[in-house]
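Novice:
Residue numbers (our numbering): 2 to 119.
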């Protein structure tokens, strides 16, 4: 079982920056992917950015060049640095982790609201 706790959301003006954190605890074996998704009312949850086993990263086209994902393995924490925020970035941001060496176990955090005002 893995527990994910997000923090760092809030209200920011367009052009501003935020840093989201996702602290993981529990039995964390082999991490396959660890990333951030976001969701607005009535829409599906979409991938924002993720780290992949082996060290590569993957970003949604809409955030490339503005958002940066990073991990601190000593703290079991994932970060999302969000710069040049736009009103379109307003959403609930969820942390997601896929762990398991021979199987796949997926866990979600409770979500953190990010609101960007114009």
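Every residue gets a Cβ at the ideal spot worked out from N, C-alpha and C, and that includes glycine. Fair warning: this is a prediction, and the values are worked out from it, not measured in the lab.
Name the residue from 22, 74 and 116 whose alpha carbon lies nearest to the alpha carbon of residue 89.
Specialist: Residue 89 has its Cα closest to that of 116, out of 22, 74 and 116.
Novice: Beta strand (DSSP E) containing residue 102: first to last residue?
Specialist: That residue, residue 102, is in no beta strand (DSSP E); it is neither H nor E in DSSP.
Novice: From which residue to which residue does the beta strand (DSSP E) around residue 40 run?
Specialist: 32-40 is the span of the beta strand (DSSP E), which, as asked, contains residue 40.
Novice: Between 42, 34 and 44, which lies nearest to residue 50 when the distance is taken from Cα to Cα?
Specialist: It is 34 whose Cα lies nearest to the Cα of residue 50.
Novice: If contact is defined by three or more beta carbon pairs under 8 Å, each pair taking one atom from either stretch, is the region 76-83 in contact with the region 12-30?
Specialist: Flag = yes, the region 12-30 and the region 76-83 touch.
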